[in-house]
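Please read the structure below before turning to the comments.
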Amino acid sequence: MSRIGKLPIDLPSGVTVTQDGGIVTVKGKNGELKSKFSDKITITQEGEQLILTRDSEQKESRALHGLTRALLANMVQGVSEGFQKNLEIVGVGYRVQLQGKKLVFSLGYSHPVEVEPPEGITFESPNPNSVIIKGIDKQAVGQCAANIRSLRPPEPYKGKGIKYEGEYIRRKVGKTGM
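Written as structure tokens, this is what we have:
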């Protein structure tokens, strides 16, 4: 049996889960998330826990068991606590400003780069060299962070660029003079 799929999901106070066919809606203090799940996985609520069971031992059902549990647990965590990704900007002259809701980056290009927040995502910039991306949907927060990082990925010679907080950049040695 799936080690992840058989773990129950604890529901914090204030979080409600409703099912309508294959669509599961999770509501909490931060908002509401909906997702469609396979009918091969049965979701039941017992007290303050969600229990997931699968209908057969086929390979597809076993794979969906752990996936559904992980996605549902992320939805519960998102509406109760939320998710955030922290980005660091490294490089001389590289900086970011928060103008209204959008971010304006100076990344060594001939023009400033502006990034609008997708729906459900908020930006914070506590200083000119860091960005905090917050939201209730884990996938949307991660995708937004990846899109911002792709504006100027860190390069291996000087380490300049946009990187995740705590990310290790493997450095290379430059050319040696003769």
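Start counting the sequence shown at 351; every next residue gets the next number (my numbering). Even glycine gets a Cβ: it sits at the ideal position worked out from N, Cα and C.
Buried or exposed by the 16-neighbour rule on C-beta atoms within 10 Å, applied to residue i
i	result
residue 351	Confidence in residue 351 is poor, its pLDDT being 48 and thus under 50, which makes the residue's placement unreliable; the coordinate value appears in the next sentence. Exposed is the call here.
residue 512	buried
residue 497	exposed
residue 378	buried
residue 418	buried
Extent of the continuous beta strand (DSSP E) run through residue i
i	result
residue 395	391-396
residue 404	399-404
residue 381	381-386
residue 475	Here residue 475 belongs to no beta strand (DSSP E), and DSSP marks it neither H nor E.
residue 365	Note, residue 365: premise wrong, no beta strand (DSSP E); not H, not E.
Residue i and residue j closer than 7 angstroms at C-beta
i	j	result
residue 359	residue 416	no
residue 472	residue 488	no
residue 387	residue 397	no
residue 440	residue 364	no
residue 383	residue 429	yes
residue 455	residue 446	yes
Reduced DSSP category for residue i - H, G, I as helix; E, B as strand; rest coil
i	result
residue 526	coil
residue 432	coil
residue 409	helix
residue 426	helix
residue 351	For residue 351, the predicted model reports a pLDDT of 48, less than 50, meaning its position is unreliable and no value from the coordinates is stated.
residue 414	helix
residue 502	coil
residue 437	strand
residue 421	helix
residue 444	coil
residue 459	coil
Residue interval of the alpha helix (DSSP H) (run including residue i)
i	result
residue 521	Note, residue 521: premise wrong, no alpha helix (DSSP H); not H, not E.
residue 498	488-499
For residue i: DSSP bridge partner residues
i	result
residue 509	Per DSSP, none; premise fails for residue 509.
residue 356	In the DSSP output, where bridge partners are listed per residue, residue 356 has none listed.
residue 464	454
residue 485	433, 471
residue 378	381
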